[in-house]
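Student: Quick note: the sequence shown uses our numbering, first residue 2, plus one each step.
We put the beta carbon where it would ideally sit given N, CA and C, even for glycine.
Take a look at this one; I'll ask things after.
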Amino acid sequence: EDQAHAFDTRSGMRMLRFYVLLTAATSTLAVTREPCCDVPKTPVTLTQGMSIENENFSLDLFVPVSSGEPVRHVAMLVLFAHGYGGGGGDYGYLRDVLVAHGVAIAFVNGLNGNCGRDMAHGLTQAVNVLRVNGVPKPLEGVTFSSYVLGGHSVGGGAATLAMGWNPSAYAAYFSFAAADTTRSGIPSFVPDWAVEKWFCSAIDSAAPTAANITKPALVIAGSEDDIAPPCNNAVKLFRAMPSGSGLCVEVLRGTHCGFSTSFGCSALEGMVRILKEPSGLPPPVMSPHEQMQFAANRTLAFLVDVADGTAATAQTAACLESESVNQCPECATA
Numbered sequence: 002e003d004q005a006h007a008f009d010t011r012s013g014m015r016m017l018r019f020y021v022l023l024t025a026a027t028s029t030l031a032v033t034r035e036p037c038c039d040v041p042k043t044p045v046t047l048t049q050g051m052s053i054e055n056e057n058f059s060l061d062l063f064v065p066v067s068s069g070e071p072v073r074h075v076a077m078l079v080l081f082a083h084g085y086g087g088g089g090g091d092y093g094y095l096r097d098v099l100v101a102h103g104v105a106i107a108f109v110n111g112l113n114g115n116c117g118r119d120m121a122h123g124l125t126q127a128v129n130v131l132r133v134n135g136v137p138k139p140l141e142g143v144t145f146s147s148y149v150l151g152g153h154s155v156g157g158g159a160a161t162l163a164m165g166w167n168p169s170a171y172a173a174y175f176s177f178a179a180a181d182t183t184r185s186g187i188p189s190f191v192p193d194w195a196v197e198k199w200f201c202s203a204i205d206s207a208a209p210t211a212a213n214i215t216k217p218a219l220v221i222a223g224s225e226d227d228i229a230p231p232c233n234n235a236v237k238l239f240r241a242m243p244s245g246s247g248l249c250v251e252v253l254r255g256t257h258c259g260f261s262t263s264f265g266c267s268a269l270e271g272m273v274r275i276l277k278e279p280s281g282l283p284p285p286v287m288s289p290h291e292q293m294q295f296a297a298n299r300t301l302a303f304l305v306d307v308a309d310g311t312a313a314t315a316q317t318a319a320c321l322e323s324e325s326v327n328q329c330p331e332c333a334t335a
């Protein structure tokens, strides 16, 4: 009798495992508030079809893993554009949080990181390739129900452009310390000759394009950003969006490079902060770890709301009330 009971138990466990695997293979993985999945240690790098104006780039794709296998049907894919001089590897904190909660993420690498326009075209091309060709091996058969654009710094400006070009193609948009795609998005200490040589500064501001963004939008900026001051960049782009299209959050004591693990970015901003305060030490700022965790968790909450259809859509919506967060300030120059 004990052997028969043991056999029935093993048989039942096998049936349960088969049911779980079958469900995972045929149903769409929802974005979850609690961790549901493992994060792959290495990405699948996509290169086929990733080219704009004879410039090749790549897409590092991370898909949630369940029961040791990549999830085949994922509700949401985030395409993320990095900041100047960086790469997708600088945002591992965001990858770890989103993928663990059922969101796939892909980082655009290899494009001119100085130029928001090029990165915007790269985001657009990547989505078009995935929609038409699907995901190649070893993730062949993986599908995504919706696409979200995101970015940091110049990548945030790029995501703004790409979203504004075709807002109906995406479910939502978010940015960290977005830098506008024109001269005002480049630090004033960079001389004009260097701007002309190294940045594609001739294009217009992304603000008119932002006026087309009618999907849920989350704009996060740091109050102590000395690289792309929010009033001339992130807040300006946010205020250009139609009323009722998004939510703007200011991280008090947050910096520009606190959204990235790039050493070069942090070193540059640290130097700028010291130069701006020749008479003494610059004001204290939030630790990068704290800022990155806030950004990742706030973005996850936003994407859960997007998936549920309850994302905040009013510019006047109340932001989280705490000592580290505030609504974006009124800017005389915005």
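State yes or no: is the C-beta of ARG299 within less than 8 Å of the C-beta of ILE214?
Tutor: Here residue 299 refers to the residue found at position 298 of the sequence shown. Here residue 214 refers to the residue found at position 213 of the sequence shown. No. Outside cutoff.
Student: Say yes only if the C-beta of THR29 is nearer than 7 Å to one or more non-hydrogen atoms of the ligand SAM, and no if none qualify.
Tutor: Here there are no bound small molecules, and the ligand SAM is not part of this structure.
Student: From the beta carbon of GLU251, is the nearest beta carbon of chain C less than 8 Å away?
Tutor: Of the protein chains in this structure there is only one, and it is not chain C.
Student: List in chain order: all unbroken alpha helix (DSSP H) runs of 4+ residues lying wholly within the segment 54–131.
Tutor: Here the runs fully enclosed are 93–101.
Student: Quick check on THR29: does DSSP put it in helix, strand or coil?
Tutor: Looking up residue 29 in the sequence shown gives position 28. THR29: coil per DSSP, three-state reduction.
Student: Near PHE239, what residues of its chain come up, given a Cβ to Cβ distance below 7 Å and the 5 sequence neighbours on each side ignored?
Tutor: Along the sequence shown, one-based indexing puts residue 239 at 238. Only VAL220, GLY247, CYS249 and CYS329 meet the Cβ criterion.
Student: Just how far apart, CA to CA, sit GLY223 and GLN292?
Tutor: Mapped onto the sequence shown, residue 223 falls at position 222. Mapped onto the sequence shown, residue 292 falls at position 291. Approximately 9 Å between the Cα atoms of the pair.
Student: Name the residue from HIS83, GLY93, GLY103 and SER169 whose alpha carbon lies nearest to the alpha carbon of HIS341.
Tutor: The structure shown does not extend to residue 341, since the chain is modelled only from 2 through 335, so no value can be given for it.
Student: For SER176, does the three-state DSSP call read helix, strand or coil?
Tutor: On the sequence shown, residue 176 is found 175 positions in, with the first residue counted as 1. Strand at SER176.
Student: Kindly provide the ranges of any beta strand (DSSP E) runs that are 3 or more residues long and lie completely inside the segment 274–307, ordered along the chain.
Tutor: If we require 3 residues or more, the segment 274–307 turns out to have no beta strand (DSSP E) run fully inside it.
Student: According to DSSP, which residues form a beta bridge with ILE221?
Tutor: Stepping through the sequence shown from its first residue, residue 221 is reached at position 220. In the DSSP output, where bridge partners are listed per residue, ILE221 has PHE177 and VAL250.
Student: Could you compute how far the alpha carbon of TRP125 sits from the alpha carbon of GLY157?
Tutor: Here residue 125 refers to the residue found at position 124 of the sequence shown. Here residue 157 refers to the residue found at position 156 of the sequence shown. Per the sequence presented here, residue 125 reads as Thr, with Trp not at that position. Their Cα atoms are separated by approximately 14 Å.
Student: What did DSSP end up calling ASP39 once you bin it into helix, strand or coil?
Tutor: Position 38 of the sequence shown holds residue 39. Of the three classes helix, strand and coil, the one that applies to ASP39 here is strand, per DSSP.
Student: With distance defined between alpha-carbon atoms, name the residue in TYR148, ARG118, SER169 and ALA170 nearest to ALA180.
Tutor: Position 179 of the sequence shown, counting from 1, holds the residue named residue 180. That would be ARG118, whose Cα lies nearest to the Cα of ALA180.
Student: When the Cα of MET287 is compared with those of PHE81, CYS258 and PRO65, which residue comes out closest?
Tutor: In the sequence shown, counting from the first residue as 1, residue 287 sits at position 286. That would be CYS258, whose Cα lies nearest to the Cα of MET287.
Student: Buried or exposed: which applies to PRO96, given that a residue is buried once 16 or more other Cβ atoms fall within 10 Å of its Cβ?
Tutor: As a working note, residue 96 is residue 95 in the sequence shown. Pro is not the amino acid found at residue 96; the sequence shown has Arg there. So ARG96 ends up on the buried side.
Student: Which residue comes first and which comes last in the alpha helix (DSSP H) that contains VAL236?
Tutor: Counting from 1 along the sequence shown, the entry for residue 236 is found at position 235. VAL236 -> alpha helix (DSSP H) spans 235–241.
Student: Assign GLY87 to one of two classes, buried (16 or more other C-beta atoms within 10 Å of its C-beta) or exposed (fewer than that).
Tutor: Residue mapping note: residue 87 aligns to position 86 of the sequence shown, counting from 1. Per the 10 Å Cβ criterion, buried.
Student: Would you say ALA101 and VAL32 are within 8 Å of each other, going by their C-beta atoms?
Tutor: As a working mapping, residue 101 is identified with position 100 in the sequence shown. As a working mapping, residue 32 is identified with position 31 in the sequence shown. No, Cβ-Cβ distance for ALA101 and VAL32 is not below 8 Å.
Student: Output needed for ASN134: all residues of its chain with C-beta closer than 8 Å, excluding positions within five of it in sequence on either side, in chain order.
Tutor: In the sequence shown, the residue the question calls residue 134 occupies position 133. Once the five neighbours on either side are set aside, the close Cβ partners of ASN134 are GLN49 and GLY50.
Student: Buried or exposed: where does ARG73 fall if 16 or more other Cβ atoms within 10 Å of its Cβ makes it buried?
Tutor: Counting from 1 along the sequence shown, the entry for residue 73 is found at position 72. ARG73 is buried by the Cβ-count criterion.
Student: Under a three-way DSSP split, which group does GLY259 fall into?
Tutor: Along the sequence shown, read from residue 1 onward, the residue named residue 259 stands at position 258. Three-state result, GLY259: helix.
Student: Quick check on DSSP: helix, strand or coil for ALA269?
Tutor: Within the sequence shown, numbered from 1, the residue matching residue 269 stands at position 268. Position check: residue 269 holds Leu in this sequence, whereas Ala was assumed. In this structure, LEU269 counts as helix in the three-state DSSP scheme.
Student: If ALA82 and VAL109 are in contact, beta carbons under 8 Å, what's the gap, nearest whole angstrom?
Tutor: On the sequence shown, residue 82 is found 81 positions in, with the first residue counted as 1. On the sequence shown, residue 109 is found 108 positions in, with the first residue counted as 1. That pair is a contact at about 5 Å.
Student: Looking only at DSSP bridge pairs, what is THR144 linked to?
Tutor: Here residue 144 refers to the residue found at position 143 when the sequence shown is read from its first residue. In DSSP, THR144 forms a bridge with HIS74.
Student: Write down the C-beta distance between ILE106 and VAL79 rounded to the nearest angstrom, noting that I regard them as a contact closer than 8 Å.
Tutor: Against the sequence shown, residue 106 aligns to sequence position 105. Against the sequence shown, residue 79 aligns to sequence position 78. Going by Cβ atoms, the distance from ILE106 to VAL79 rounds to 5 Å, so yes, they are a contact pair.
Student: In angstroms, rounded to a whole number, what distance separates the CA positions of THR29 and PHE145?
Tutor: Within the sequence shown, the letter at position 28 stands for residue 29. Within the sequence shown, the letter at position 144 stands for residue 145. If you take the alpha carbons of THR29 and PHE145, they lie about 9 Å apart.
Student: Go ahead and pull the three-state DSSP assignment for VAL133.
Tutor: The residue you call residue 133 lines up with position 132 of the sequence shown. VAL133: helix per DSSP, three-state reduction.
Student: Could you tell me whether the Cβ atoms of PRO36 and PHE63 are closer together than 8 Å?
Tutor: Taking the sequence shown and counting its residues from 1, the one referred to as residue 36 is at position 35. Taking the sequence shown and counting its residues from 1, the one referred to as residue 63 is at position 62. Result no, Cβ atoms of PRO36 and PHE63 do not sit closer than 8 Å.
Student: Quick one: give me the first and last residue of the beta strand (DSSP E) that THR161 is part of.
Tutor: Locating residue 161 in the sequence shown gives position 160, counting from the first residue. Careful: THR161 lies outside any beta strand (DSSP E), inside the alpha helix (DSSP H) at 155–166.
Student: Between the C-alpha atoms of GLY89 and ASP61, what's the straight-line distance to the nearest angstrom?
Tutor: As a position in the sequence shown, residue 89 is number 88, starting the count at 1. As a position in the sequence shown, residue 61 is number 60, starting the count at 1. Their backbone Cα atoms lie some 8 Å apart in a straight line.
Student: With a CB to CB cut of under 6 Å and the five nearest residues on each side skipped, what residues in its chain are close to ARG34?
Tutor: Your numbering for residue 34 matches position 33 in the sequence shown. Cβ within range, chain order: VAL305.
Student: Let me know the secondary structure DSSP gives SER52 once reduced to three states.
Tutor: For this step, residue 52 is matched to residue 51 along the sequence shown. If DSSP states are grouped into helix, strand and coil, SER52 belongs with the strands.
Student: Count the other CB atoms within 10 Å of the CB of LYS42; is the residue buried (16 or more) or exposed (fewer)?
Tutor: Along the sequence shown, read from residue 1 onward, the residue named residue 42 stands at position 41. Counting Cβ neighbours within 10 Å, LYS42 comes out exposed, since fewer than 16 surround it.
Student: Report all residues from its chain with a CB closer than 7 Å to the CB of SER59; omit the five preceding and five following residues, and keep chain order.
Tutor: To locate residue 59, count along the sequence shown from 1; it is residue 58. Hits under 7 Å: THR46, LEU47, THR48, MET51, ASN110 and GLY111.
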